[in-house]
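J.: All the letters of the sequence shown, read from the start, carry residue numbers 452 to 628 under our numbering.
Please see the structure below; I have some questions.
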Amino acid sequence: MRKASRDLALCGVLCALAVAIMAMGTIIPAATYCCPVLASMTLVPVLILCGERLSWAMFAASAILSLLLAPDKEAAAIFLALGYYPIVKPKLDRKPKPRRIASKLLLFNAAIFAVYGALLFIFRLDALREELFSMGLWLSLALILGGNVIFWLDDKLLERAVPRIAALCARWTRKHP
């Protein structure tokens, strides 16, 4: 019972942190793309300490709350589309290298095109539509390429950060059994 209470409390606190990070996305214009990455990092301790099931539950709660509470709906939609990446990354990393890279890029591009398709055609965000159409084809392609580079950097960040977070979690677990 004590472990279940601890796990639930940890998920609640880190969910609140993820939503707070997403809410700060309007302070800096570039934060639209940075905040979903930082908010998804809050899933790593939950994944390590509580397991995949609670990580998915925490992701769902923080994504829904971000959509409801965060002022930047574009950032919240990106978090909804890609915030779960720290949960699925260990499964993708078990594949052979060419399939792993292709799977990760396919996941990213499918999620981004689905989000922007929904924002443009279902939710009809006219400001986003005007912004994208004013950029032109080449700048839009450069934006997609830049997004892929940022996603690759996010993947490398997770590769380096997860072992350190795991060590911190192990030390915390030893102190608080």
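Beta carbons: idealized from backbone N, C-alpha and C, even for Gly.
Residues in its own chain within less than 8 Å of I529 by CB, not counting five upstream and five downstream?
T.: T483, Y484, P487, I563, V566
J.: Using only the alpha-carbon positions, how far apart do C462 and C501 sit?
T.: 8 Å
J.: Quick one: Cα of S554 to Cα of V539, how far?
T.: 11 Å
J.: Taking 8 Å as the limit between beta carbons, can you name the residues of its chain near S591, skipping five residues before and five after?
T.: Within its own chain, the residues whose Cβ lies closer than 8 Å to the Cβ of S591, once the five positions on either side in sequence are excluded, are L583, listed in chain order.
J.: Once DSSP output is grouped into helix, strand and coil, what is the label at P549?
T.: helix
J.: In three-state DSSP terms, what is I479?
T.: coil
J.: For C620, which residues in the same chain have their Cβ closer than 6 Å to its Cβ, ignoring the five residues on either side in sequence?
T.: P496, I499, L500
J.: Would you say A526 and M473 are within 8 Å of each other, going by their C-beta atoms?
T.: It is a contact, given that the beta carbons lie within the stated cut-off.
J.: Give the single residue among L576, A512, E503, A532 whose Cα lies nearest to the Cα of K542.
T.: E503
J.: May I ask you to report which of helix, strand or coil DSSP gives L576?
T.: coil
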